[in-house]
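K.L.:
Numbering of the sequence shown is given in my numbering, commencing with residue 1 and proceeding in unit increments.
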Amino acid sequence: METSHDLSMLGLIANASIVVQLVMLGLALASMASWAMIFSKWFAVRHASTRTVDFEQRFWSGADLNRLYNDVQGKSLALERIFEAGFTEFMKQRKTPGAELADVMDSTRRAMKAASQRELDQLDGHLSFLATVGSVSPYVGLFGTVWGIMNSFRALGSVGQATLAHVAPGIAEALIATAIGLFAAIPAVIAYNRFAADIDRLAVRFESFIEEFSNILQRQGAHR
1 METSHDLSML GLIANASIVV QLVMLGLALA SMASWAMIFS KWFAVRHAST RTVDFEQRFW
61 SGADLNRLYN DVQGKSLALE RIFEAGFTEF MKQRKTPGAE LADVMDSTRR AMKAASQREL
121 DQLDGHLSFL ATVGSVSPYV GLFGTVWGIM NSFRALGSVG QATLAHVAPG IAEALIATAI
181 GLFAAIPAVI AYNRFAADID RLAVRFESFI EEFSNILQRQ GAHR
């Protein structure tokens, strides 16, 4: 007498062993968490990139630095914060009696580099989670698959004659774990690589702006 098996996706998951079910649950939660992180990080990086482009256009349009500084104070983001930090430090150091221009510029550059690093750290925040999901999920799914197949072959020991009907359900249950692991890993890896590249491009723009803005401030300081 043949035992009927429910070969639907939900049926295979429901009939899987408890270990395989726990693996599937863990991977499903990791996938949902990574998708939430992907959307959150996408908005953050996109917003920072847009604000950076907008500020660069305003800055290089010849706007007065004092007016630009007043506009960004208290509501700055990304490159605006770097500008704010640099201009604040420059004006503060210039008011110091006996301050040398070289010391003023050195302090200004340090302030801008610190602001740049804070912005990049904020954009990089939790990005390692996507890398972890992308690298670990396939192996976790593979563990569930190996465990499920092992249980299937152990069950065959009590069957007099093994047929495809006996083997297929157990192997199908086990392979679902690998599929869920790949479903969790692939978007996480793609998103991580994309965000890392976007943040690297922002870092280059920040560094270029720091050097160019430092040159402008140095020329202004030399004429005072």
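Ideal Cβ placement from N, Cα and C applies to all residues, glycine included.
Between the region 95-104 and the region 145-152, do three or more beta carbon pairs fall short of 8 Å?
P.N.:
no
K.L.:
Among LYS95, ARG109, VAL189, whose alpha-carbon lies nearest the alpha-carbon of PHE206?
P.N.:
ARG109
K.L.:
Nearer than 6 Å: is that true of the beta carbon of GLY148 relative to any heavy atom of the ligand FMN?
P.N.:
The model depicted lacks the ligand FMN and carries no ligand whatsoever.
K.L.:
Is DSSP giving GLU119 helix, strand or coil here?
P.N.:
helix
K.L.:
Candidates GLU89, GLY141, LEU79, LEU29: which alpha carbon is nearest VAL19's?
P.N.:
GLY141
K.L.:
Helix, strand or coil: which one does DSSP assign to ASN215?
P.N.:
helix
K.L.:
Three or more beta-carbon pairs under 8 Å between the region 75-92 and the region 173-193, yes or no?
P.N.:
Touching, no, given that fewer than three Cβ pairs across the two stretches are closer than 8 Å.
K.L.:
Quick check on HIS126: does DSSP put it in helix, strand or coil?
P.N.:
Three-state DSSP puts HIS126 in coil, outside helix and strand.
K.L.:
Tell me whether the region 104-123 and the region 44-55 touch, counting them as touching only if at least three CB pairs, one residue from each stretch, are closer than 8 Å.
P.N.:
yes
K.L.:
Quick one: is PHE153 buried, meaning 16 or more other Cβ sit within 10 Å of its Cβ, or exposed?
P.N.:
Exposed, by the Cβ-count rule.
K.L.:
State the start and end residues of the unbroken alpha helix (DSSP H) segment that holds SER17.
P.N.:
The continuous stretches of alpha helix (DSSP H) do not include SER17, and DSSP gives it neither H nor E.
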